[in-house]
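Q: In mature numbering (1 follows the signal peptide of the UniProt record, and there is no 0), the protein residues as written are -18 to -1, 1 to 329.
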């Protein structure tokens, strides 16, 4: 009887220990988690931003979300225009603590990227987003309204760096970059890959600290993943969604010049070359008096002219006149977000 009792006690202890282990491995998520609570600034806060106070910090303080277990959540301050239901939120800053800091200068850049007019008080809506991982629902705080007045300053878009064989694998090259013109983690720009392996990576800074590749060649980015490889040669429109960690590349466009001022007249394009240091397309050639246009892939589906003769190209625009014969250096520049520029310099 004594042996049987000891055996039963041992079994009960094992069951209790197993239950404790199960509790540790499978934390119970509350069926109704408590969302983060934004404590400050208060709704209705009004701030006039100035260049003199660009280093002053705005502090967003909040109570963390309660998921029913200890969790390392990431908290992000989101901003959008009133009535937009956060359909196009701008992320101001993130933190894993109970407060998020952003300088007035950084906030001003976000407001300008969102399209707010300078020197005018405008309402915005703000909330806190709490994220653990894809398996746990995102929690949001209540929405507050703030009145913010941005000041005029040169807009600095968030950027991603594109080191690759095409430019010598130099992440520090400030020319081979793409921008998020709405500061919404959606980046777009052009990458010129006119030969070689076509391999490159997408970096968050001018270094290798945070770099993305594509292990499965499926358009999904992985941190430190395999080199991304362009299909074909030419100028590619690259779009990166840093929120979803995805990217797309448009069809390659191989640019050249055509026209009666060019060596091939209107019969054949003269191809342009890639300047890796400056990240521009360039060509040095003799031109005659006449006119020229830029076109891609020896076809007219994609052609640029300059109707206003202001150095900014328009799709299908007017022919560009060449009024004096001679040797010229021609540059086609895709670096400025939202526009393509060119220059004709007589040597």
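The C-beta atom is built at its ideal place from N, Cα and C for all residues, glycine as well. Since the structure is predicted, the reported quantities are computational estimates derived from the model, not experimental observations.
Can you find the residues in the same chain that come closer than 8 angstroms, C-beta to C-beta, to residue 252, ignoring five residues on each side of it along the sequence?
A: Excluding sequence neighbours, residue 252 sits near 238, 239, 240, 244, 245, 246, 265 and 267.
Q: Does the Cβ-Cβ distance between residue 177 and residue 146 come in under 9 angstroms?
A: In this structure, residue 146 does not lie closer than 9 angstroms to residue 177 by Cβ.
Q: Quick one: is residue 166 buried, meaning 16 or more other Cβ sit within 10 Å of its Cβ, or exposed?
A: Looking at its Cβ environment, which holds 16 or more other Cβ atoms inside 10 Å, residue 166 is buried.
Q: For residue 96, count neighbouring C-beta atoms within 10 Å of its own C-beta (all shown protein chains included) and say buried if the count is 16 or more, exposed if not.
A: Its Cβ being crowded by 16 or more others within 10 Å, residue 96 is buried.
Q: Going by C-alpha to C-alpha distance, which of 15, 198, 204 and 263 sits closest to residue 55?
A: Among 15, 198, 204 and 263, the Cα nearest to that of residue 55 belongs to 15.
Q: Below 8 angstroms, can you find three or more Cβ-Cβ pairs linking the region 78 to 93 to the region 33 to 53?
A: Counting Cβ pairs under 8 angstroms, three or more are found: they touch.
Q: For residue 293 and residue 92, I'd like the C-alpha separation in whole angstroms.
A: Going from the Cα of residue 293 to the Cα of residue 92 covers about 29 angstroms.
Q: May I ask you to verify whether the region 224 to 231 touches the region 187 to 205, counting CB pairs closer than 8 angstroms and requiring at least 3?
A: Output reads yes: the region 187 to 205 touches the region 224 to 231.
Q: Closest to residue 269 by CA distance: which of 327, 76 and 204 is it?
A: The shortest C-alpha separation from residue 269 is found at 327.
Q: Let's see if you can read the secondary structure: which residues bound the beta strand (DSSP E) around residue 21?
A: Taken as a continuous stretch (DSSP letters only), the beta strand (DSSP E) holding residue 21 covers 19 to 22.
Q: Do you know how far the Cα of residue 159 is from the Cα of residue 204?
A: The straight-line gap from Cα to Cα measures roughly 19 angstroms.
Q: So, for residue 186: in the same chain, excluding its five sequence neighbours on each side, which residues have a beta-carbon less than 6 angstroms away from its beta-carbon?
A: Same-chain partners within the cutoff: 192.
Q: I'd like the ranges of any beta strand (DSSP E) spanning at least 3 consecutive residues and lying wholly in the region 248 to 323.
A: Those beta strand (DSSP E) runs which fall completely within the region 248 to 323 and span 3+ residues are 255 to 257, 262 to 269, 272 to 278, 285 to 287, 302 to 304 and 308 to 315.
Q: With three or more C-beta pairs closer than 8 angstroms as the rule, is the region 148 to 162 touching the region 109 to 123?
A: The answer is no - the region 148 to 162 does not touch the region 109 to 123, with fewer than three Cβ pairs under 8 angstroms.
Q: Contact defined as beta carbons within less than 8 angstroms: I believe residue 261 pairs with residue 317. What is the distance between those atoms, to the nearest angstrom?
A: 6 angstroms between Cβ atoms; contact.
Q: Rounded to whole angstroms, how far is the Cβ of residue 131 from the Cβ of residue 59, which I believe are closer than 8 angstroms?
A: 18 angstroms between Cβ atoms; not a contact.
Q: May I ask you to report which of helix, strand or coil DSSP gives residue 104?
A: Three-state result, residue 104: strand.
Q: Threshold first: 3 residues or longer. Then list the beta strand (DSSP E) segments lying entirely within the region 125 to 183, N to C.
A: DSSP runs (the beta strand (DSSP E)) wholly in the region 125 to 183: 126 to 131, 141 to 143, 159 to 161 and 168 to 175.
Q: Tell me, to the nearest whole angstrom, how far the beta carbon of residue 28 is from that of residue 129; I am working on the premise that it is less than 8 angstroms.
A: Yes, residue 28 and residue 129 are in contact; Cβ-Cβ is about 4 angstroms, under 8 angstroms.
Q: I need the DSSP call for residue 194, collapsed to helix, strand or coil.
A: Reduced to three states, the DSSP call for residue 194 is strand.
Q: Where does residue 60 fall in DSSP's three states?
A: Here residue 60 sits in strand by DSSP.
Q: Determine the burial state of residue 162: buried for a count of at least 16 other Cβ atoms within 10 Å of its Cβ, exposed for fewer.
A: The residue is buried, with at least 16 neighbouring Cβ atoms inside 10 Å.
Q: Can you give me the start and stop residues for the beta strand (DSSP E) that residue 223 sits inside?
A: Element bounds for residue 223: 216 to 223.
Q: Helix, strand or coil: which one does DSSP assign to residue 26?
A: DSSP places residue 26 in coil when its eight states are reduced to three.
Q: Thinking C-beta only, is residue 308 closer than 9 angstroms to residue 296?
A: In this structure, residue 308 does not lie closer than 9 angstroms to residue 296 by Cβ.
Q: In chain order, what residues of the same chain lie with their CB nearer than 8 angstroms to the CB of residue 222, ignoring the 5 residues before and after it?
A: The residues are 142, 160, 168, 169, 170, 184, 203, 228 and 229.
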